[in-house]
Amino acid sequence: MTMSPAWTGYFTIVRKETVRIFRIWTQTILPSVMTQSLYLVIFGGLIGSRIGDVSGMNYASFLIPGLVMMAVIVNSFSNVASAFFGQKFMKSIEEILVSPMKPEAILAGYVSGGIVRGLVVGAAVFAISAFFTDVQVTHVFTLFYFLFATSLIFSLLGFLNAMFARKFDDVGIVPTFVLTPLTYLGGVFYSLEYLPPFWRTVSHFNPIVYMIDGFRFGFSGVAATSVTTSAVILAVVSMGLITVCLRLLKKGVGLRT
């Protein structure tokens, strides 16, 4: 049975992105694994032994969900942003736009590539963490839901960034000046319970707080926020971003001169 042009194009983009991820694994996978491993050694091993338990877990176990999500966020965003902008920069995106592929297939292809990289790097970080402490999972479905939803959202944001970017510097600005601060302030290294009331309230305006907290709930069964509310918000945000990306893609915003 012959596949439609849309499916053929979709699988072609996904295959190209997946092959690229593993072909240059020293740039796409290894850096995040090394960085998160250093965090585990320094914070989880050396400092964690002096901190004690956090939210009913030893500090290393508390740290792992946040580090996994940090890797997923950065890699999902960066993969789509760099890959799609690279096509724009080399003008090869014009060949895709004039092909029989529908905008839905183009968006799904690049976003799927970002999800693949995010999940692969997240799984690698999680595997490395087993060498530092015992990891237990209490809610498997919740864990995978927040992992996938977060990867999807930041892949879509990476696509938006690539559409509006005019030069390679525009692709690097968001991870450096937006994603990194929000992630570090999203409860990766600390529990919201330890913050003063004012800063605890401020933290609730950081969307990454809910992603990390929901994902951590999948491990420990303990959450500082409403997991159900967070899950619904992530679903709504995902659908909103998909709608926006498709509308901009159909209009050719940032793609046609």
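Count the sequence shown with my numbering and you get residues 47 to 303, in order. Virtual Cβ for every residue (Gly too), placed ideally from N, Cα, C. Computed from a predicted structure; not experimentally measured.
- Rounded to the nearest angstrom, the gap between the Cα atoms of S138 and I93 is 49 Å.
- For M147, there is no enclosing alpha helix (DSSP H), since its DSSP letter is neither H nor E.
- Cα atoms of K296 and R246: separation of roughly 41 Å, rounded to the nearest angstrom.
- The three-state secondary structure of V100, taken from DSSP, is strand.
- The C-beta separation of L231 from N207 comes to about 20 Å, leaving the pair out of contact by the 8 Å criterion.
- With contacts defined by Cβ atoms closer than 8 Å, F210 and G300 form a contacting pair.
- A Cβ-Cβ separation of about 3 Å places G112 in contact with V234 under the 8 Å criterion.
- Taking the CA atoms as reference points, M116 sits about 6 Å from T229.
- G164 has its alpha-carbon roughly 12 Å from the corresponding atom of F172.
- If the five residues before and after I279 are omitted, its C-beta is found closer than 7 Å to the C-beta atoms of Y256, all from its own chain and listed in chain order.
- Here S158 carries a helix assignment [DSSP, helix/strand/coil].
- With contacts defined by Cβ atoms closer than 8 Å, L241 and F123 do not form a contacting pair.
- G55 sits buried, since 16 or more C-beta atoms from the chains shown fall within 10 Å of its C-beta.
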